[in-house]
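Take a look at the structure below.
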Amino acid sequence: MNQFFPSVSKIKYEGPDSRNSLAFKYYNPREKVLGKTMAEHLRFAVCYWHTFKGTGSDPFGPGTMIRSYNSSADPMQNAEDTMHAAFELFSKLGVEFWCFHDRDISPEADNLAETNKRLDQIVKLAKKLQKDNGIKLLWGTTNAFSHRRFMAGAGTNPSPAVFAYAASQIKKAMEVTKELGGAGYVFWGGREGYETLLNTDMDRELDHLALLLQMAVDYKKKINFRGQFYIEPKPKEPTKHQYDFDTGNCIAFLQKYGLQDHFKMNIEANHATLAGHSFQHELELAAINNMLGSVDANRGDLFLGWDTDQFPTDIYETTLAMYTIFKAGGFTTGGLNFDAKLRRQSIDPEDLFTAHIGAMDAFARGLKNAARMIKEGKFTKAIKGRYAGWDTDFGKKIEKRKLGFEQLEKYTLANGEPALQSGRQELLENTLNDYI
Ligand code: XLS
Ligand code: CA
Ligand code: CA
1 MNQFFPSVSK IKYEGPDSRN SLAFKYYNPR EKVLGKTMAE HLRFAVCYWH TFKGTGSDPF
61 GPGTMIRSYN SSADPMQNAE DTMHAAFELF SKLGVEFWCF HDRDISPEAD NLAETNKRLD
121 QIVKLAKKLQ KDNGIKLLWG TTNAFSHRRF MAGAGTNPSP AVFAYAASQI KKAMEVTKEL
181 GGAGYVFWGG REGYETLLNT DMDRELDHLA LLLQMAVDYK KKINFRGQFY IEPKPKEPTK
241 HQYDFDTGNC IAFLQKYGLQ DHFKMNIEAN HATLAGHSFQ HELELAAINN MLGSVDANRG
301 DLFLGWDTDQ FPTDIYETTL AMYTIFKAGG FTTGGLNFDA KLRRQSIDPE DLFTAHIGAM
361 DAFARGLKNA ARMIKEGKFT KAIKGRYAGW DTDFGKKIEK RKLGFEQLEK YTLANGEPAL
421 QSGRQELLEN TLNDYI
């Protein structure tokens, strides 16, 4: 396939000394790192929405990017051409996975029945192209936030008719995700939030959101869809208060409604920083709750308060992210999906390749750095040492609740001021630099 990106051939690994901008310097898919290949660890996916439907538009102006696969007056022709262009890019980049929203791959028609028919037509093509190119679906999802019917939310909409529409759309999107062998399915609550409590019944909206997810869990069983369900936290944008604010909020929500065994987190780097957390914090919190599922690998701009969805290039970030992912045992169903878009001035089709190559190299470097950190165990040792008091007889007794307030008071009165130890933050930060 060499139709839509004729100036780019298959991207190869050329090593760190290469000066070829269309080659990998660090991502060597078959190279083994801690017993698995880089490709197996990283499970890269390209997102359909930004990569193929992104035009560079922003609130101040329309798109800047002109694409040959999006030039027909017939929307279904564009949908087919775009699917061909997508698989050309996936294969040339050598990624194994892709992700999509229902409405990215196929445009809406005048009614749901026609829309579903269109979707089936495109899914048939996608299925063939997956098979021909050996590419798999990491996850599918529903866009229940762009159309005006969803202006007040989908599951949290004040109207049961809109709730029903969203449910019908999710039903279909789950079916096509299953049809394409998707390893997962994401719920990002696009407009599941609110602007003002003057018009919002928060209690009822949260109940309804849980109800929608419960229905999805039931339907998953019914159609025997084996993929993993994920929730993608995001604190704001488009609504002022998104209900899925961050990992902590999502876990509490799932637990309140008894849904915790059916979902894991899809953590997005830019959403973490929007919530005032680091990417690694969100990954770690998901991991310790056994809910680290998949990752939307991008980055934000700390000077801007919105979701810039930039391609990840910060080696510190990728190293710390991969370190936490390693500690959590690595990906099973999930992977690294580049939920990232080109800057508005990056208008050349070739920019799509250089952006992904840089991001894949950044994560390959992160992976190798993190593997050395794991192997040498310096941070694990430092943490173990810091908590060593808890491994003494006294510490263990507290943890096992063999000592209560009275015994602890007795201990303190007998032993006086506790001995203090340095947190050694600067030393550890310097040590981290040794791996970058
Ligand atoms: C938007 C989200 C979205 C989800 C999928 O901010 O990142 O793209 O990943 O619906
Ligand atoms: Ca995302
Ligand atoms: Ca985002």
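With our numbering, the residue at position 194 of the sequence shown is 194, and numbering never jumps.
We put the CB at the ideal spot given by N, CA and C, even for glycine.
If you measure from the CB of T141, is any heavy atom of ligand 1 nearer than 6 Å? yes
Between L314 and ligand 3, is the CB less than 6 Å from at least one heavy atom? The identity of residue 314 in the sequence shown is Asp, whereas the question assumes Leu. Because no heavy atom of ligand 3 lies under 6 Å away, the Cβ of D314 does not count as near it: no.
Could you tell me whether the stretch 51-69 touches the stretch 393-402, using the rule of 3 or more Cβ pairs below 8 Å? no
So which residues put a beta carbon under 5 Å from any heavy atom of ligand 2, going in chain order? E268, D296 and D339
Is W188 near ligand 1 - that is, is its Cβ less than 6 Å away from at least one heavy atom of it? yes
Distance, M291 Cα to A166 Cα: 25 Å
Measuring alpha carbon to alpha carbon, tell me which residue in I267, L119 and T82 is nearest E175. L119
Closest to N157 by CA distance: which of N199, T177 and A126 is it? N199
How long is the line joining the alpha carbons of K375 and Y435, rounded to whole angstroms? 12 Å
What I want to know is whether the C-beta of E232 ends up closer than 6 Å to one or more non-hydrogen atoms of ligand 1. yes
Measuring CB to CB, does F97 end up less than 7 Å from A45? yes
Proximity winner among H262, P235, R372 and G404, relative to T210 (alpha-carbon distances): Residue 210 is actually Ala in this sequence, not Thr. Ranking the options by Cα distance to A210, first place goes to H262.
Taking the alpha-carbon positions, what's the E40 to L34 distance? 11 Å
What are the start and end residues of each continuous alpha helix (DSSP H) run of 4 or more residues lying completely inside the stretch 39-97, in chain order? 75-93
Quick check: the stretch 228-238 against the stretch 262-271, are at least 3 beta-carbon pairs closer than 8 Å? yes
Using only alpha-carbon positions, find the residue among T82, G134, E232 and Q214 that is nearest to K53. T82
In angstroms, rounded to a whole number, what distance separates the CA positions of A79 and K117? 13 Å
Own chain partners of L254 with C-beta closer than 6 Å, once the 5 adjacent residues on each side are dropped: Q260 and F263
For L336 versus F303, is the C-beta distance shorter than 7 Å? no
Cβ-heavy atom distance between D58 and ligand 3 below 6 Å? no
So, are the CB atoms of F338 and C47 less than 7 Å apart? yes
Determine the direct distance from the alpha carbon of P349 to that of R67, and round the result to whole angstroms. 7 Å
A287 vs T324 beta-carbon contact at 7 Å: yes
Please list, in chain order, all residues of the same chain as A370 whose beta carbon is under 6 Å from its beta carbon, the five residues on each side excluded. T319, M322, Y323 and F326
Identity of the residue in A340, S21 and M65 nearest I347 by Cα: M65
What residues come near ligand 3, if near means a beta carbon less than 5 Å from any of its heavy atoms? N270, D307 and D309
Give every residue of the same chain whose Cβ lies closer than 7 Å to the Cβ of N133, excluding the five residues on either side of it in the sequence, and list them in chain order. F87, F90 and S91
Excluding the 5 residues preceding and the 5 following G389 in the sequence, name in chain order all residues of the same chain whose CB lies nearer than 7 Å to its CB. G395
Out of E284, D301 and P160, which has the shortest C-alpha to C-alpha gap to G329? E284
Check S21 in the structure and name its three-state DSSP category. coil
Look up G334 in the DSSP assignment and say whether it is helix, strand or coil. coil
Our contact map puts L180 next to K127 with C-beta atoms below 8 Å; I'd like the distance itself, whole angstroms only. 6 Å
Just the C-alpha distance for E417 and G305, rounded to the nearest angstrom, thanks. 45 Å
Is the beta carbon of V162 closer than 7 Å to that of R149? yes
Give me the Cα-Cα distance between D17 and E31, rounded to the nearest whole angstrom. 17 Å
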